[in-house]
Amino acid sequence: MAKLTVEVVTGERIVFTDDEVDMVIAPGASGTLGILPNHAPLITTLAGGELRVKKSGQEYAMVVFGGFMEVTPDKVIILADAAERVEEIDASRAEDARKRAEDEISKRGATEDLAAAQASLRRANIRLRTAERRRSGRRSELPGT
Ligand code: ATP
C-alpha cells in the first residue's frame, strides 16, 4: 500500500520524520486538511493547531504554529514557525504563558500589544488543549476503564 514520507521541521530542528505514514491531518489556514498517499500536489499556509500523523494504527500528535505545508503524491513537508511533539509540550510553561497573556489583555489598550498577547494566548491554549487531549486519551486506553 502507498505510504507518505513526512517531514516536520522548524528553522531550528527536525521535529518529526518518517517514511511509512498512512495519513496526515493538518491545520490548514482555511480549515483542517486530511492528506492520504497520492494526494494532488498543493502548497498551503498553516494555522496554529494540532497536527496528527497516522502510521500502522498509531497516531503521533504535534502542535504547529504557522508556516507552510507542501504536499506531493508521496511526500508531506511542513516548515513550521514553531512545532512540538505532544510529549514535548511543557504544560506549566504554557499555563504561565496563558496567565501572562490574559494579564496583558486585561491591562493594556495598545493595539500592537493586544494582538501579540492574543496570539500568545492562542498558542498557549492550543498547547494546553493538545496536551490535555493526549492525557485523557491515554487514561481511556487503560485496561478496564
Ligand atoms: P513562551 O511565552 O512560553 O515563550 P511562546 O508562545 O511565546 O511561549 P513560541 O514563540 O511559540 O513561544 O515558541 C518559542 C520556542 O519555544 C519554540 O521553539 C517552541 O517550540 C518552544 N515552546 C514554547 N512554549 C512551549 C511549551 N509550552 N512547551 C514546549 N516548547 C515550547
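Final position of the sequence shown in the numbering used here is 155; the numbers increase by one with none missing. Ideal Cβ placement from N, Cα and C applies to all residues, glycine included. From a predicted model like this one, the values you see are computed outputs, not experimental measurements.
Buried or exposed: where does Ser-150 fall if 16 or more other Cβ atoms within 10 Å of its Cβ makes it buried? Because the pLDDT at Ser-150 is just 38, under 50, the model does not fix this residue reliably, and the value given afterwards should be weighed accordingly. With fewer than 16 Cβ atoms within 10 Å of its Cβ, Ser-150 is classed as exposed.
- Flag this pair as yes or no: are the beta carbons of Leu-56 and Phe-78 separated by less than 8 Å? yes
Cβ-based burial, Gly-154 [other Cβ within 10 Å; buried from 16]: Note on Gly-154: pLDDT 34, under 50, position unreliable in the model; the coordinate value appears next. Classification for Gly-154: exposed.
Helix or strand or just coil, what does DSSP make of Glu-97?
In the structure shown, Glu-97 sits in a helix (DSSP, three-state: H, G or I).
### Query
At a cut of 8 Å, does the segment 89-105 reach the segment 69-77 through at least three beta carbon pairs?
With a cut-off of 8 Å, the segment 69-77 and the segment 89-105 count as touching, because enough Cβ pairs lie within range.
Which value, in whole angstroms, describes the spacing of the CA atoms of Glu-13 and Gly-147?
-> Correcting the residue identity first, residue 13 is Lys in this sequence and not Glu. Answer to the nearest angstrom: the Cα atoms are 26 Å apart.
* Going by the CB atoms, is the gap between Gly-59 and Ile-136 shorter than 8 Å? -> Gly-59 sits close to Ile-136, with the two beta carbons spaced by under 8 Å.
Requested in this report: Give the straight-line distance between the Cα atoms of Ser-66 and Met-11, rounded to the nearest whole angstrom.
Outcome: One C-alpha to the other measures close to 11 Å.
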